[in-house]
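*Asks:* Mind looking over this structure? Questions follow.
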Amino acid sequence: KAGVTQTPRYLIKTRGQQVTLSCSPISGHRSVSWYQQTPGQGLQFLFEYFSETQRNKGNFPGRFSGRQFSNSRSEMNVSTLELGDSALYLCASSPRGDNRASNYGYTFGSGTRLTVV
Amino acid sequence: GNSVTQMEGPVTLSEEAFLTINCTYTATGYPSLFWYVQYPGEGLQLLLKATKADDKGSNKGFEATYRKETTSFHLEKGSVQVSDSAVYFCALSEQGGSEKLVFGKGTKLTVNP
């Protein structure tokens with residue numbers, strides 16, 4: 001059974017550019033969440049999607065956005081990149097669509113390492 | 118808001134030593150509690166979980182008990198192996214609807230042969 005697939009694994013961008021990261025959840029999983037991991041701030045929640053709807057959003061500026069497609073694949077976009085956006089971006093999926101999805105344990109991908117120069 | 122505090126690392130142990138990583142939380146209501154592990158270059162893997170007070174989660178020799186009276190969820194293992202070297206994260210999910218996981222800062226464990 002394939003795991004959560006994130007592409008690309010590594011990315012280098014210049015300040016001011018925009019970037020799109022992709023996440024394919026485990027087949028049958030409908031809930032997808034995104035997290036940012038940095039040495040200083042640790043793991044921080046970005047947003048969560050279910051059935052193409054954003055159900056929850058973390059405390060990030062509007063430059064961070066995402067979406068989910070009908071096949072549950074998700075993308076996140078960061079516009080006008082800043083140096084501080086350099087991080088490991090993790091996607092996680094859950095088989096449950098109700099409000100206890102996290103109790104079933106999200107399965108995380110290996111992440112996309114974004115470096116902004 | 119909700120938060121998780123775990124002991125600062127790094128933690129260095131010899132093989133077969135006893136491991137404890139402390140985790141305490143602040144939350145309203147009755148959150149579910151988790152330990153995740155991250156190996157170098159990989160994403161997070163769920164190690165164990167507990168969804169209500171006094172529950173004990175266990176997996177691969179690791180254990181943690183949900184203690185509501187002390188708002189704690191300490192991770193323990195009786196005999197660590199070199200392969201346990203990783204970063205361990207304590208986390209909670211809020212009760213009743215939010216799918217957001219709140220993580221601690223992580224504790225890096227190194228086990229030497």
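Residue numbers (my numbering), protein chains in the order written: chain B, 1 to 117; chain L, 118 to 230.
The beta carbon of each residue, even a glycine, is placed where N, CA and C say it ideally should be.
Measure the Cβ-Cβ separation of Thr129 (chain L) and Leu226 (chain L) and say whether it is below 9 angstroms.
*Replies:* Their beta carbons are under 9 angstroms apart, which means Thr129 (chain L) touches Leu226 (chain L) by this criterion.
*Asks:* Could you tell me whether the Cβ of Lys248 (chain L) comes closer than 9 angstroms to any Cβ of chain B?
*Replies:* Absent from the model: residue 248 (chain L). The displayed extent of chain L is 118 to 230, so no value can be given.
*Asks:* With a threshold of 9 angstroms between beta-carbons, can Ala92 (chain B) be considered close to chain L, or not?
*Replies:* Closer than 9 angstroms: yes.
*Asks:* What does a CB cutoff of less than 6 angstroms around Leu21 (chain B) pick up in its chain, not counting 5 residues either side in sequence?
*Replies:* Excluding positions up to five away in sequence, the list reads Met76, Tyr89, Thr112.
*Asks:* For the beta strand (DSSP E) that Phe151 (chain L) lies in, which residues bound it at each end?
*Replies:* 149–155 is the extent of the beta strand (DSSP E) around Phe151 (chain L).
*Asks:* What are the boundary residues of the beta strand (DSSP E) that includes Glu133 (chain L)?
*Replies:* Note, Glu133 (chain L): premise wrong, no beta strand (DSSP E); not H, not E.
*Asks:* By the 10 Å Cβ neighbour count, where 16 or more other Cβ atoms means buried, how is Asp171 (chain L) classified, buried or exposed?
*Replies:* That one is exposed.
*Asks:* Less than 9 angstroms between the beta carbons of Phe108 (chain B) and Leu161 (chain L), yes or no?
*Replies:* Closer than 9 angstroms, so yes.
*Asks:* Between which two residues does the beta strand (DSSP E) holding Tyr35 (chain B) run?
*Replies:* Tyr35 (chain B) -> beta strand (DSSP E) spans 31–38.
*Asks:* Compute the beta-carbon to beta-carbon distance between Leu209 (chain L) and Asn119 (chain L), rounded to the nearest angstrom, for a pair I have assumed lies under 8 angstroms.
*Replies:* About 6 angstroms; that satisfies the 8 angstroms criterion.
*Asks:* Between L:Val228, L:Pro230, L:Leu218, which lies nearest to Gly42 (chain B) when the distance is taken from Cα to Cα?
*Replies:* Here the closest residue by C-alpha is L:Leu218.
*Asks:* Measuring straight from C-alpha to C-alpha, what distance separates Lys57 (chain B) and Gly84 (chain B)?
*Replies:* Approximately 19 angstroms between the Cα atoms of the pair.
*Asks:* Since Glu159 (chain L) meets chain B, which of its residues come closer than 7 angstroms, beta carbon to beta carbon?
*Replies:* Per Cβ cutoff of 7 angstroms: Ser110.
*Asks:* Evaluate contact between the region 67–74 of chain B and the region 8–19 of chain B, counting only Cβ atoms and requiring at least three cross-stretch pairs below 8 angstroms.
*Replies:* With the cut-off at 8 angstroms, the region 67–74 of chain B and the region 8–19 of chain B do not touch.
*Asks:* Should Phe206 (chain L) be flagged as near chain B, meaning a C-beta pair shorter than 9 angstroms?
*Replies:* Interface residue, yes.
*Asks:* Out of L:Arg184, L:Val199, L:Ser131, point me to the one whose CA is closest to Tyr142 (chain L)'s CA.
*Replies:* Considering only alpha carbons, the answer is L:Arg184.
*Asks:* Quick one: Cα of Glu186 (chain L) to Cα of Gly158 (chain L), how far?
*Replies:* For Glu186 (chain L) and Gly158 (chain L), the distance between alpha carbons rounds to 37 angstroms.
*Asks:* For Leu226 (chain L) and chain B, any beta-carbon pair shorter than 9 angstroms?
*Replies:* No, no contact with chain B.
*Asks:* By how many angstroms is the C-alpha of Gly40 (chain B) removed from the C-alpha of Lys222 (chain L)?
*Replies:* Their backbone Cα atoms lie some 9 angstroms apart in a straight line.
*Asks:* Quick check on Leu163 (chain L) - is its C-beta less than 9 angstroms from some C-beta in chain B?
*Replies:* Yes, Leu163 (chain L) lies at the interface with chain B (some Cβ there is under 9 angstroms from its Cβ).
*Asks:* Per DSSP, Gly174 (chain L) is paired with what?
*Replies:* BP columns for Gly174 (chain L) point to L:Ala181.
*Asks:* Can you check whether the CB of Ser33 (chain B) is closer than 9 angstroms to the CB of Tyr106 (chain B)?
*Replies:* Going by C-beta atoms, Tyr106 (chain B) is nearer than 9 angstroms to Ser33 (chain B).
*Asks:* Residues in its own chain within less than 6 angstroms of Thr38 (chain B) by CB, not counting five upstream and five downstream?
*Replies:* Only Ala87 meet the Cβ criterion.
*Asks:* Tell me Arg67 (chain B)'s beta-bridge partners as DSSP assigns them.
*Replies:* In the DSSP output, where bridge partners are listed per residue, Arg67 (chain B) has B:Glu75.
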